[in-house]
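Colleague: The structure under discussion is supplied below as structure tokens; questions concerning it will follow.
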Amino acid sequence: MRVAGVLYVLVAVFALCVPLLGIYPVFMMKLLCFAMFACAYNLLLGFSGMLSFGHAAFFGSSAYATAWLATAHGWGAVPAILAGMAVSAILGLVIGAIAIRRRGIYFAMITLALAQLTYFVCLEAPFTGGENGLQGVPRGTLFGLLQLNSDVAMYYLVLAAFVAVFLFVRRVVHSPFGQVLKAIRDNEPRAISLGYDVNRYRLVAFVLSATLAGLAGSLKALVLGFASLSDVLQANSGEVILMTLLGGTGTFFGPVVGAAIVVTLQEYLSDMVGGWVTVIIGAVFIACVLAFRRGIIGELAALHARRSDATSLDR
Amino acid sequence: MTEIFGIPVAVILGQLMLGLVNGSFYAMLSLGLAVIFGLMGIVNFAHGAFYALGAFAALLGLQWFGVNYWAALVLAPLAVGLVGVAVERLLLRRLYGLDPLYGLLLTFGLALVIEGSLHQFFGASGQSYPVPRALQGVFNLGFMILPIYRAWVIAVSIAVCFGTWFVIERTRLGGTLRAATENAPLLQAFGVNVPLLVVATYGGGVALAALAGVLSAPVLLVTSGMGSSLVIVVFAVVVIGGMGSILGAIISGLALGIVEGFTKVIYPEASNVVVFVVMALVLIVRPAGLFGRE
Chain A
17 MRVAGVLYVL
27 VAVFALCVPL
37 LGIYPVFMMK
47 LLCFAMFACA
57 YNLLLGFSGM
67 LSFGHAAFFG
77 SSAYATAWLA
87 TAHGWGAVPA
97 ILAGMAVSAI
107 LGLVIGAIAI
117 RRRGIYFAMI
127 TLALAQLTYF
137 VCLEAPFTGG
147 ENGLQGVPRG
157 TLFGLLQLNS
167 DVAMYYLVLA
177 AFVAVFLFVR
187 RVVHSPFGQV
197 LKAIRDNEPR
207 AISLGYDVNR
217 YRLVAFVLSA
227 TLAGLAGSLK
237 ALVLGFASLS
247 DVLQANSGEV
257 ILMTLLGGTG
267 TFFGPVVGAA
277 IVVTLQEYLS
287 DMVGGWVTVI
297 IGAVFIACVL
307 AFRRGIIGEL
317 AALHARRSDA
327 TSLDR
Chain B
6 MTEIFGIPVA
16 VILGQLMLGL
26 VNGSFYAMLS
36 LGLAVIFGLM
46 GIVNFAHGAF
56 YALGAFAALL
66 GLQWFGVNYW
76 AALVLAPLAV
86 GLVGVAVERL
96 LLRRLYGLDP
106 LYGLLLTFGL
116 ALVIEGSLHQ
126 FFGASGQSYP
136 VPRALQGVFN
146 LGFMILPIYR
156 AWVIAVSIAV
166 CFGTWFVIER
176 TRLGGTLRAA
186 TENAPLLQAF
196 GVNVPLLVVA
206 TYGGGVALAA
216 LAGVLSAPVL
226 LVTSGMGSSL
236 VIVVFAVVVI
246 GGMGSILGAI
256 ISGLALGIVE
266 GFTKVIYPEA
276 SNVVVFVVMA
286 LVLIVRPAGL
296 FGRE
């Protein structure tokens with residue numbers, strides 16, 4: 017436990033000092049947005065046991081809503097983000113209500129299909145800019161006080177949002193609600209026989225996850241200044257699964273580690289190998305499923321648990 | 006009567022024909038998915054990638070070795086089926102007994118690898134495959150003009166689909182296959198080589214996807230991404246039909262192709278999404294799918 021505490025402090029100090037260290041802040045912000053996305057996704061896959069193959073729909077629709085409100089209607093950062101989250105929450109409610117009627121792989125296929133539907137809506141709707149997406153999204157100001165055009169100010173806003181999401185997911189998982197979710201994940205028939213309205217719990221978890229994914233998408237639109245079809249694309253849904261899986265599903269830090277690895281890979285590999293990135297991502301996926309299904313953090317935790325078991329036996 | 010709601014009948018019939026062509030591809034792909042899922046419990050996300058691989062095999066066979074269409078119709082599915090056999094032996098067999106979601110994730114990664122490689126080698130722009138000489142030209146039916154190749158695609162795929170259905174439902178081999186789906190360990194105790202059956206099924210399902218790819222090459226452009234959006238539509242078809250039923254997969258594939266073609270006439274903007282809307286409606290009314298048991 018003490019090791020974990022020290023790690024937390026080190027990561028926190030590093031995160032706070034990023035603007036001083038000369039790391040490209042836009043890259044760090046992008047990384048944090050995807051870390052948020054992966055944490056939101058982990059709430060669903062890791063703690064509720066539902067594999068959604070369509071989370072790009074929530075990330076993207078919220079990015080589009082925020083971008084559209086900020087460009088066409090001049091909304092400020094906070095109201096535009098909140099509106100984006102509201103859009104993804106409503107979409108999450110609709111898609112979730114249909115998808116939770118089935119379990120397992122069917123659930124995955126249904127979310128995938130409905131996300132594809134969302135993709136086509138974004139492609140053809142009159143205000144989304146079609147193939148070009150929405151570009152030149154202004155970051156605006158925070159409550160009219162702080163100019164977010166400065167990368168440093170924007171970085172701290174994104175960092176604050178990330179910490180909030182991270183702590184929120186932790187809080188939810190440790191709450192009685194989260195315990196019921198885990199019970200449903202581990203043994204659904206027993207949860208039903210104990211009298212829990214399983215579908216309501218699943219739906220609430222789905223909507224929560226969609227809303228947080230929306231927050232990540234909105235912030236990404238403001239940070240990079242655009243919302244585009246790549247946000248709603250199936251590939252984006254796949255990447256968030258990979259981030260969560262690679263880092264470790266059902267661990268708190270796993271999705272963050274996974275997001276950091278995948279975003280860094282994409283950023284630096286695409287310079288070196290160009291279009292082969294997709295192939296590499298696919299290969300990492302296969303390796304992950306075959307060799308370490310618990311993910312990096314999950315395997316480390318298992319290793320640590322085995323070690324401490326061994327030492328307690330020694331005594 | 007040459008117009009319905011101000012739309013010429015010939016146009017409507019033409020779109021329905023196109024819809025039926027697409028529906029034949031849906032039917033062949035969802036049939037393969039259903040058989041693979043039934044026996045192995047794996048949702049083969051790479052099905053679209055194998056479909057593209059089939060089309061590329063035909064195209065490259067023609068360009069590099071001068072293999073004609075008729076030979077490609079046999080050779081391309083055979084080659085891609087062998088790739089499927091290798092995939093099952095090397096990768097998928099390690100996942101048996103685990104949560105079926107891992108199979109979905111692994112084949113998703115596989116699809117990325119295959120489609121990404123095709124994209125790197127052959128670029129993003131599509132290449133066209135010539136219609137074989139014997140199938141060029143049109144039938145003039147009087148009320149509409151029917152390109153011969155389209156009629157050929159529909160005829161072949163219906164024959165293949167019902168042939169597969171017949172083998173599975175009416176022959177001894179099919180009976181063994183269905184027994185393995187029901188209870189594999191018991192069948193193995195009776196001395197049937199179940200692992201061989203599994204690898205043959207996966208290879209066969211994949212070859213079916215490749216055959217659809219060869220058939221589609223002369224009507225659609227051959228591109229690296231031709232299967233990636235198709236596989237999502239096929240998933241929706243499978244959800245609508247219910248994965249347990251082979252006949253259900255065939256019928257819903259054809260029917261949804263027609264529905265899609267019809268939507269193109271009435272409200273073209275919705276033609277890309279109509280299958281997904283139908284899927285949502287079916288899930289609300291009958292969560293197990295139209296032909297599913299649960």
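Chains as they are written, first to last, in my numbering: chain A, 17 to 331; chain B, 6 to 299.
Here a beta-carbon is modelled for each residue, glycine too, at the ideal position from N, C-alpha and C.
With a CB to CB cut of under 6 Å and the five nearest residues on each side skipped, what residues in its chain are close to G66 (chain B)?
Modeller: Closer than 6 Å at Cβ, skipping near neighbours: V72 and A77.
Colleague: Closer than 8 Å, CB to CB, is A32 (chain B) near chain A or not?
Modeller: By this cut-off, A32 (chain B) is not an interface position.
Colleague: On the three-state DSSP scale, how would you describe F296 (chain B)?
Modeller: Correct three-state label for F296 (chain B): coil.
Colleague: Using 8 Å as the Cβ pair cut-off and three pairs as the minimum, do the region 43 to 59 of chain A and the region 199 to 213 of chain A touch?
Modeller: Touching, no, given that fewer than three Cβ pairs across the two stretches are closer than 8 Å.
Colleague: Quick check: the region 161 to 175 of chain A against the region 110 to 121 of chain A, are at least 3 beta-carbon pairs closer than 8 Å?
Modeller: No: the two stretches stay apart, fewer than three of their Cβ pairs being nearer than 8 Å.
Colleague: Return the bridge partner residues of F144 (chain B) from the DSSP annotation.
Modeller: Beta-bridge pairing links F144 (chain B) to B:L151.
Colleague: Could you work out which residues of chain B lie near E140 (chain A), taking near to mean beta carbons separated by less than 7 Å?
Modeller: Going along chain B in sequence order, the residues near E140 (chain A) (Cβ under 7 Å) are E274.
Colleague: So within the region 165 to 221 of chain A, which uninterrupted alpha helix (DSSP H) runs reach at least 4 residues, ignoring any that extend past its ends?
Modeller: Those alpha helix (DSSP H) runs which fall completely within the region 165 to 221 of chain A and span 4+ residues are 167 to 190, 192 to 202 and 204 to 209.
Colleague: Beta carbon of F113 (chain B), beta carbon of G254 (chain A): below 8 Å?
Modeller: For F113 (chain B) and G254 (chain A), yes; Cβs fall inside 8 Å.
Colleague: Can you list the residues of chain B that V305 (chain A) reaches, using a CB-CB cut of under 8 Å?
Modeller: Those are L100, Y107, L110, L111 and G114, listed as they occur along chain B.
Colleague: Find the nearest neighbour of G297 (chain B) within the set B:L252, B:T176 and B:L261, judged by alpha-carbon distance.
Modeller: Ranking the options by Cα distance to G297 (chain B), first place goes to B:L252.
Colleague: Mind checking which residues open and close the alpha helix (DSSP H) that includes G19 (chain B)?
Modeller: Run containing G19 (chain B): V14 to M45, per the alpha helix (DSSP H) assignment.
Colleague: Does the beta-carbon of I297 (chain A) have 16 or more other beta-carbons within 10 angstroms, so that it is buried, or is it exposed?
Modeller: Result: buried.
Colleague: Listed from N- to C-terminal order along the chain, which residues in the region 141 to 169 of chain A have their beta-carbon within a distance smaller than 8 Å of any beta-carbon of chain B?
Modeller: For the region 141 to 169 of chain A, which is checked against every Cβ of chain B, not one residue is closer than 8 Å.
Colleague: Whose CA, out of B:S234, B:L117 and B:G208, lies closest to the CA of L87 (chain B)?
Modeller: The shortest C-alpha separation from L87 (chain B) is found at B:G208.
Colleague: Using the three-state DSSP reduction, which class does I289 (chain B) fall into: helix, strand or coil?
Modeller: If DSSP states are grouped into helix, strand and coil, I289 (chain B) belongs with the helices.
Colleague: Secondary structure at F167 (chain B), three-state DSSP: helix, strand or coil?
Modeller: Looking at F167 (chain B) - three-state DSSP - the assignment turns out to be helix.
Colleague: Would you decide whether R331 (chain A) is buried or exposed? Buried here means 16 or more other CB atoms lie within 10 Å of its CB.
Modeller: Here R331 (chain A) scores only 43 on pLDDT, less than 50, and its place in the model should not be relied on; the value that follows carries that caveat. With fewer than 16 Cβ atoms within 10 Å of its Cβ, R331 (chain A) is classed as exposed.
Colleague: Looking at the structure shown, is L225 (chain B) part of a helix, part of a strand, or coil, going by DSSP?
Modeller: L225 (chain B) falls in the coil class under three-state DSSP.
Colleague: Look at the alpha carbon of L226 (chain B) and the alpha carbon of S233 (chain B), and state the distance between them as a whole number of angstroms.
Modeller: For L226 (chain B) and S233 (chain B), the distance between alpha carbons rounds to 14 Å.
Colleague: G233 (chain A) touches chain B at which residues, Cβ-Cβ below 9 Å?
Modeller: The premise fails here: G233 (chain A) is roughly 21 Å from chain B at the closest Cβ pair, so nothing lies under 9 Å.
Colleague: CA-CA distance, F50 (chain A) and T280 (chain A)?
Modeller: Computed Cα separation, rounded: 11 Å.
Colleague: Should M45 (chain B) be flagged as near chain A, meaning a C-beta pair shorter than 8 Å?
Modeller: False, the Cβ-Cβ gap to chain A never drops below 8 Å.
Colleague: Using alpha carbons as the reference points, say which of B:L216, B:V16 and B:G108 lies closest to L67 (chain A).
Modeller: Residue B:G108 is the option with its Cα nearest to L67 (chain A).
Colleague: Considering only residues of the region 102 to 175 of chain A, which uninterrupted alpha helix (DSSP H) runs meet the minimum length of 4 residues and lie entirely inside it, listed in chain order?
Modeller: Qualifying alpha helix (DSSP H) stretches, in chain order: 120 to 140.
Colleague: With DSSP collapsed to three states, give me the class of A129 (chain B).
Modeller: Coil, per DSSP.
Colleague: With a CB to CB cut of under 7 Å and the five nearest residues on each side skipped, what residues in its chain are close to K198 (chain A)?
Modeller: If we look at K198 (chain A) and ignore the five residues flanking it on each side, its Cβ neighbours are F63.
Colleague: Going by beta-carbon coordinates alone, are A243 (chain A) and G156 (chain A) separated by less than 8 Å?
Modeller: In this structure, G156 (chain A) does not lie closer than 8 Å to A243 (chain A) by Cβ.
Colleague: Label S324 (chain A) either buried or exposed according to how many other C-beta atoms from any shown protein chain fall within 10 Å of its C-beta, with 16 as the threshold for buried.
Modeller: Classification for S324 (chain A): exposed.
Colleague: Apart from the five residues on each side of it in sequence, which residues of its chain come closer than 8 Å, Cβ to Cβ, to F75 (chain A)?
Modeller: Excluding positions up to five away in sequence, the list reads F53, S104, A229, G230, A232, G233, K236, D247, V248, N252 and V256.
Colleague: Using only alpha-carbon positions, find the residue among A:A318, A:S166 and A:L224 that is nearest to L59 (chain A).
Modeller: If we check each option's Cα against that of L59 (chain A), A:L224 comes out closest.
Colleague: Go through its chain and collect everything with a Cβ distance to V279 (chain B)'s Cβ below 7 Å, but skip five positions before and after it.
Modeller: Closer than 7 Å at Cβ, skipping near neighbours: V264, E265 and T268.
Colleague: For the region 292 to 303 of chain A, which residues have a CB atom closer than 7 Å to at least one CB atom of chain B, in sequence order?
Modeller: Residues W292, T294, V295, I297, G298, A299, F301 and I302.
Colleague: Roughly how many angstroms separate the alpha carbons of T127 (chain A) and F69 (chain A), rounded to a whole number?
Modeller: For T127 (chain A) and F69 (chain A), the distance between alpha carbons rounds to 6 Å.
Colleague: What does DSSP give as the partner residues of A243 (chain A) in its beta bridges?
Modeller: A:L150, per the DSSP bridge assignment.
Colleague: Assign I17 (chain B) to one of two classes, buried (16 or more other C-beta atoms within 10 Å of its C-beta) or exposed (fewer than that).
Modeller: Label assigned to I17 (chain B): buried.
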